[in-house]
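Going by my numbering, the sequence shown opens with residue 68, and the numbers climb by one from there. Below is one structure, written out as structure tokens; the observations come after it.
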Amino acid sequence: MRHLYECPLRWADLDQLGHINNVVYVDYLQEARVDMLLTHAPDRRSDDLADGAVVVRHDVEYAAPLTLRPAPVKIETWVTEIRAASFTMAYEIFDETPEGRVVYLQATTVLTPYVFKTERPRRITPDERDSLLRFLNPVERVRPEKPAPARPAPHRHYPVQVRFSDVDVYGHVNNVKYFEYFQEARISYLSRLAESAGGLDDASVVIAHTEVDYKIPILFRPEPYDAWTWVSRVGNSSFVLESEIRDGDTVLSRCRVAVVTFDPETQRSRAPSAAYREMLLGELEG
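What follows is the structure in structure tokens.
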């Protein structure tokens, strides 16, 4: 069984291209996830999973751009795996049209029940397992790719300043905000690279895939955290950026993003200029 949630869109959700920003989609997923766990828990068995579970990992595949309109967008949610102390949810954001389903995004989220008083994960209870089983559609687990070694350098650094509004009721930075932090670090890094290469600005890019792993909760504090971003792979019309958010030597979160260079007029991928590609290759080797 799948749960259907209709998510309203907001003007503030748009990016500079007039599309729903890639970060905002993760907020939509959160809305759909909470709606599923609360709506189908008349006996309150899923309340703790809706309010007392933390995200361990997001894996997000962007399929097509979504633009603003009055009608809400549809989101289906279901469960693909239930383990002793974690479960995995899947999502599809889409519209139904006369020509068939148009999919904008597919994603999975690994969550673990969490006791916030002790700041420790816990096992799934039998009642919670029964509640999740109604939505179970098992798929084979895909092991995430091993992260590339971090390569800190001054131009790869971005100070992550946590805002008070970033923090949830439990004192942790909300999982959606991590995507925003990594986006800021990524934009800062690419801007510095282009500037150091003589002001290269001919490459329009879109995000095709994002993976975020949550290791240790980020908390509100006056001092910024350190984000580092580097190039880990370069293709003909795409490249991969990896990032870490750290507190000193402690890794709090990791991110891997597949970036595609594209033609704004045709809305199709295209190879970047030779100079831009050389810039990326220089970072890969340096």
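C-beta: ideal position from N, C-alpha, C; glycine also.
Contacts around residue i, its chain only, beta-carbon distance under 8 angstroms, and the 5 residues preceding and following it disregarded
{"i": "V90", "result": "V243, F246, E247 and Q250"}
{"i": "P205", "result": "T147 and E148"}
{"i": "W78", "result": "L135"}
{"i": "H70", "result": "A99, D102, M103, T106, H107, E143, T144, W145 and F202"}
Burial state of residue i, where buried means 16 or more other Cβ atoms lie within 10 Å
{"i": "P339", "result": "buried"}
{"i": "R230", "result": "exposed"}
{"i": "V209", "result": "exposed"}
{"i": "I254", "result": "exposed"}
{"i": "M68", "result": "exposed"}
{"i": "V236", "result": "exposed"}
{"i": "R313", "result": "buried"}
{"i": "T106", "result": "exposed"}
{"i": "T144", "result": "buried"}
{"i": "L84", "result": "exposed"}
{"i": "L347", "result": "buried"}
{"i": "T333", "result": "exposed"}
{"i": "A357", "result": "Since the first residue shown for the chain is 68 and the last is 353, residue 357 is missing from the structure and cannot be characterised."}
Test item: CB-CB of residue i and residue j under 8 angstroms
{"i": "A120", "j": "P180", "result": "yes"}
{"i": "D162", "j": "K184", "result": "no"}
{"i": "L203", "j": "E350", "result": "no"}
{"i": "D330", "j": "R321", "result": "no"}
{"i": "S326", "j": "S305", "result": "Per the sequence shown, residue 326 should be read as Val rather than Ser. Yes; because the gap between Cβ atoms is below 8 angstroms, this pair is in contact."}
{"i": "P176", "j": "V122", "result": "Reading the sequence as shown, one finds Thr at residue 176 and not Pro. Result yes, Cβ atoms of T176 and V122 sit closer than 8 angstroms."}
{"i": "V279", "j": "H86", "result": "no"}
{"i": "D316", "j": "P226", "result": "no"}
{"i": "E309", "j": "S299", "result": "yes"}
{"i": "L76", "j": "L172", "result": "no"}
{"i": "Y129", "j": "E98", "result": "no"}
{"i": "H276", "j": "V127", "result": "yes"}
{"i": "E311", "j": "V318", "result": "yes"}
{"i": "Y95", "j": "I191", "result": "no"}
{"i": "H239", "j": "L286", "result": "yes"}
{"i": "H222", "j": "S263", "result": "yes"}
{"i": "L178", "j": "M156", "result": "yes"}
Three-state secondary structure (DSSP) of residue i
{"i": "A151", "result": "coil"}
{"i": "G167", "result": "strand"}
{"i": "D82", "result": "coil"}
{"i": "A157", "result": "strand"}
{"i": "I285", "result": "coil"}
{"i": "T106", "result": "helix"}
Same chain, Cβ closer than 6 angstroms to residue i, five either side skipped, listed in chain order
{"i": "R189", "result": "P180 and V182"}
{"i": "A270", "result": "T328, P339 and Y343"}
{"i": "Y92", "result": "L172"}
{"i": "T131", "result": "According to the sequence provided, residue 131 is Ala. The question's Thr does not apply to it. Correct list, in chain order: Y171."}
Cβ neighbours of residue i in the same chain (closer than 7 angstroms, five flanking residues each side left out)
{"i": "V273", "result": "V327 and F329"}
{"i": "R196", "result": "I149"}
{"i": "D82", "result": "N88"}
{"i": "V218", "result": "One point to set straight first is that residue 218 is Arg, not Val, in the sequence displayed. Excluding positions up to five away in sequence, the list reads W297."}
*Can you check the stretch 190-239 for any beta strand (DSSP E) of at least 3 residues that lies completely inside it and give the ranges in chain order?*
You should have 224-227.
_Runs of beta strand (DSSP E) lying entirely within the stretch 293-333, each at least 3 residues, in chain order_ = If only uninterrupted beta strand (DSSP E) runs of at least 3 residues are considered, those enclosed by the stretch 293-333 are 305-314 and 317-330.
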